[in-house]
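Student: Structure below; questions to follow.
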Amino acid sequence: MKSEIYQSRTGSQINLYSLIPNNEVRAVVHISHGMVEHASRYSRFAIELCKSGYAVYTHDIRGHGHTVARDAPQGVFAKSNGFQLILEDQNEIIKLAQDRHPNKPIICFGHSLGSIINLNYALKYPEKVSALACWNSGIETGVLPKASRIILAIESIFRKPHLPSLFAWKLSFGAWNAKFKPNRTAFDWLSQDENEVDLYVDDPLCGFEASISMWRDILDGVFYAGNKKNLIRLTNSLPVHIIGGAEDPCTNNGRDMAKLSARLENQGMRDVTSIILEGTRHETLNEINRDQTTAQFLEWLNQRF
681 MKSEIYQSRT GSQINLYSLI PNNEVRAVVH ISHGMVEHAS RYSRFAIELC
731 KSGYAVYTHD IRGHGHTVAR DAPQGVFAKS NGFQLILEDQ NEIIKLAQDR
781 HPNKPIICFG HSLGSIINLN YALKYPEKVS ALACWNSGIE TGVLPKASRI
831 ILAIESIFRK PHLPSLFAWK LSFGAWNAKF KPNRTAFDWL SQDENEVDLY
881 VDDPLCGFEA SISMWRDILD GVFYAGNKKN LIRLTNSLPV HIIGGAEDPC
931 TNNGRDMAKL SARLENQGMR DVTSIILEGT RHETLNEINR DQTTAQFLEW
981 LNQRF
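Structure, rendered in structure tokens:
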């Protein structure tokens, strides 16, 4: 993928990757990566999209990868208003893609945190999104998310918000990995493919601790998109592709993704595709069946664009 630095109006210097087909562009796919990882991990997926005629753009979000912002060191979105700045940065990149590829549809693909970002983006900028792919993160606002919000609010009183949370990691990543004891690594929950897990573990830009403020910002996004009064604003004709792993503890073994699909269909959305992949964990694109899943997603795209 081609790499460049884009200066956002939010003050961040965005590390942006792109991959453009040599022939006619069918549509643009913007990829939003997950929490505590980075955009270049999606190069294999981007190559397959590009082969099928899709221009691909993906960037490191604030506090991740090689994107730089004065108020966003690794693990921090911003000093304040972090989630909104994430959305504004994404809007800058999508506007850039629109300028480079006029009149081409924009497909917003998101994994995990990226799924939450894209749902919020589609709610804020519905006219810019031609399709959504929400993989591996639902928007459930039940007991655990509510309790986490309270714990983080209390923690931020006694601990500076830019510091790592002492509790959130244990309640999430730690608890999820405990489902696969005896553990080989701290990230067994990501994939059955041990080589992919090892690449993640050995990557200094992956698996770092997130700040109190980042966790709170993410929960703001979950609760906003999870609010029925907000979610119902999605256009009923918007195509949505949802995937979850049946062995992914992050999504309650895929049940949160099934719930998201049901919510969208129940509010009248007419083109919702939901797939719960048996035997797969959190990182669908790094699982042992990734080639088959990628091919199925491309078929879904090609039927619509």
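Just so we're on the same page, the numbering used here is the position in the sequence shown counted from 1, plus 680.
The beta-carbon is built from N, C-alpha and C at its ideal position, and this holds for glycine as well.
1) Are there three or more Cβ pairs, one per stretch, closer than 8 Å when the region 880 to 900 is compared with the region 776 to 789?
2) Enumerate, from N- to C-terminal direction, the unbroken beta strand (DSSP E) stretches of 3 or more residues contained entirely within the region 884 to 928.
3) Within the same chain, show all residues whose beta-carbon is closer than 8 Å to that of R950, passing over the 5 residues directly before and after it, in chain order.
4) Opposite I694 in the DSSP bridges: which residues?
5) At the level of alpha carbons, what is the spacing between Q754 and A942?
6) Out of curiosity, what's the CA-to-CA distance linking E963 and E768?
7) Taking the C-alpha atoms as reference points, what is the distance between H744 and I766?
8) Return the chain-ordered list of same chain residues with a C-beta closer than 6 Å to the C-beta of D900, the five sequence neighbours on each side being excluded.
9) Could you tell me the boundaries of the alpha helix (DSSP H) in which T973 lies?
10) With a threshold of 6 Å on Cβ separation, who are the neighbours of E772 within its own chain once the five nearest residues in sequence on each side are excluded?
11) Can you name the residues that DSSP bridges to A707?
12) Mind checking whether I892 and S836 have CB atoms under 8 Å apart?
13) Throw me the rounded Cβ distance for the A707 and S795 pair, which I believe falls under 8 Å.
14) Measure from the alpha carbon of S792 to the alpha carbon of each residue in K682, R961, M681, K826, then state which is nearest.
15) Identify, in the order they occur along the chain, each residue of the same chain with its Cβ nearer than 6 Å to the Cβ of F903, setting aside the five sequence neighbours on each side.
16) Could you say which of L940, W856, V736, F847 lies nearest to R724 if we only look at CA atoms?
17) So F867 packs on N875, CB below 8 Å; how close in whole Å?
18) Pop quiz: C930 and S817 are said to be a contact at Cβ under 8 Å. What is the actual Cβ separation, rounded to whole angstroms?
19) For Y722, tell me which candidate among Y697, I787, I922, K808 has the shortest Cα-Cα distance.
20) What did DSSP end up calling F847 once you bin it into helix, strand or coil?
21) According to the neighbour-count rule (16 or more other Cβ atoms, all chains shown, within 10 Å of its Cβ), is N798 buried or exposed?
22) In angstroms, rounded to a whole number, what distance separates the CA positions of I685 and Q693?
23) What three-state label does DSSP hand S760 in the structure shown?
24) Could you name each continuous beta strand (DSSP E) segment of 3 residues or more that falls completely within the region 793 to 850, going from the start of the chain to the end?
25) Determine the extent of the beta strand (DSSP E) in which S954 is found, giving its start and end residues.
26) Can you list, in chain order, the residues of its chain with a C-beta nearer than 6 Å to that of D936? Leave out the 5 residues immediately preceding and following it.
Tutor: In this structure, then:
1) Short answer: they don't touch.
2) For the region 884 to 928, the continuous beta strand (DSSP E) assignments of 3+ residues that do not extend past its boundaries occur at 920 to 925, in sequence order.
3) Along the sequence shown, one-based indexing puts residue 950 at 270. Within the same chain, Cβ atoms closer than 8 Å to the Cβ of R950 are found at N916, S917, the five residues on either side in sequence being excluded.
4) For this step, residue 694 is matched to residue 14 along the sequence shown. Answer by DSSP bridge pairing, in chain order: Y686.
5) Your numbering for residue 754 matches position 74 in the sequence shown. Your numbering for residue 942 matches position 262 in the sequence shown. Looking at the two C-alpha atoms, the distance is approximately 36 Å.
6) Counting from one through the sequence shown, the residue named residue 963 turns up at place 283. Counting from one through the sequence shown, the residue named residue 768 turns up at place 88. Spanning the two alpha carbons is a distance of roughly 26 Å.
7) Your numbering for residue 744 matches position 64 in the sequence shown. Your numbering for residue 766 matches position 86 in the sequence shown. When rounded, the distance between both Cα atoms is 11 Å.
8) Looking up residue 900 in the sequence shown gives position 220. Excluding sequence neighbours, D900 sits near F763.
9) Position 293 of the sequence shown holds residue 973. 970 to 984 is the extent of the alpha helix (DSSP H) around T973.
10) Sequence index remark: in the sequence shown, residue 772 carries index 92 (1-based). Exclusion of the five residues before and after E772 leaves S688 as the residues of its chain whose Cβ lies within less than 6 Å of its Cβ.
11) Mapped onto the sequence shown, residue 707 falls at position 27. Assignment of beta-bridge partners to A707 by DSSP yields Y734.
12) The sequence position of residue 892 within the sequence shown is 212, counting from 1. The sequence position of residue 836 within the sequence shown is 156, counting from 1. Their beta carbons are under 8 Å apart, which means I892 touches S836 by this criterion.
13) Counting from 1 along the sequence shown, the entry for residue 707 is found at position 27. Counting from 1 along the sequence shown, the entry for residue 795 is found at position 115. Going by Cβ atoms, the distance from A707 to S795 rounds to 19 Å, so no, they are not a contact pair.
14) For this step, residue 792 is matched to residue 112 along the sequence shown. When only C-alpha atoms are compared, the closest one is R961.
15) Along the sequence shown, read from residue 1 onward, the residue named residue 903 stands at position 223. Scanning its chain for C-beta atoms nearer than 6 Å, with the 5 sequence neighbours on each side dropped, one finds around F903 the residues T821, in chain order.
16) Here the question's residue 724 lines up with position 44 in the sequence shown. When only C-alpha atoms are compared, the closest one is V736.
17) Position 187 of the sequence shown holds residue 867. Position 195 of the sequence shown holds residue 875. Between N875 and F867 the Cβ distance is about 13 Å, and since that is not below 8 Å, they are no contact.
18) Mapped onto the sequence shown, residue 930 falls at position 250. Mapped onto the sequence shown, residue 817 falls at position 137. The C-beta separation of C930 from S817 comes to about 7 Å, placing the pair in contact by the 8 Å criterion.
19) For the purposes of this step, residue 722 is identified with residue 42 of the sequence shown, where counting begins at 1. Of Y697, I787, I922, K808, the residue nearest in Cα terms is Y697.
20) Here the question's residue 847 lines up with position 167 in the sequence shown. Under the three-state reduction of DSSP output, F847 falls in the coil class, being neither helix nor strand.
21) Mapped onto the sequence shown, residue 798 falls at position 118. N798 comes out buried.
22) Position 5 of the sequence shown, counted from the start, is the residue given in the question as residue 685. Position 13 of the sequence shown, counted from the start, is the residue given in the question as residue 693. Here the C-alpha atom of I685 lies approximately 6 Å from the C-alpha atom of Q693.
23) The sequence position of residue 760 within the sequence shown is 80, counting from 1. Residue state, collapsed to three classes: coil.
24) Whole beta strand (DSSP E) segments, 3+ residues: 811 to 815.
25) Translated into positions along the sequence shown, residue 954 becomes position 274. Residues 952 to 957.
26) The residue you call residue 936 lines up with position 256 of the sequence shown. Only G818, E820 meet the Cβ criterion.
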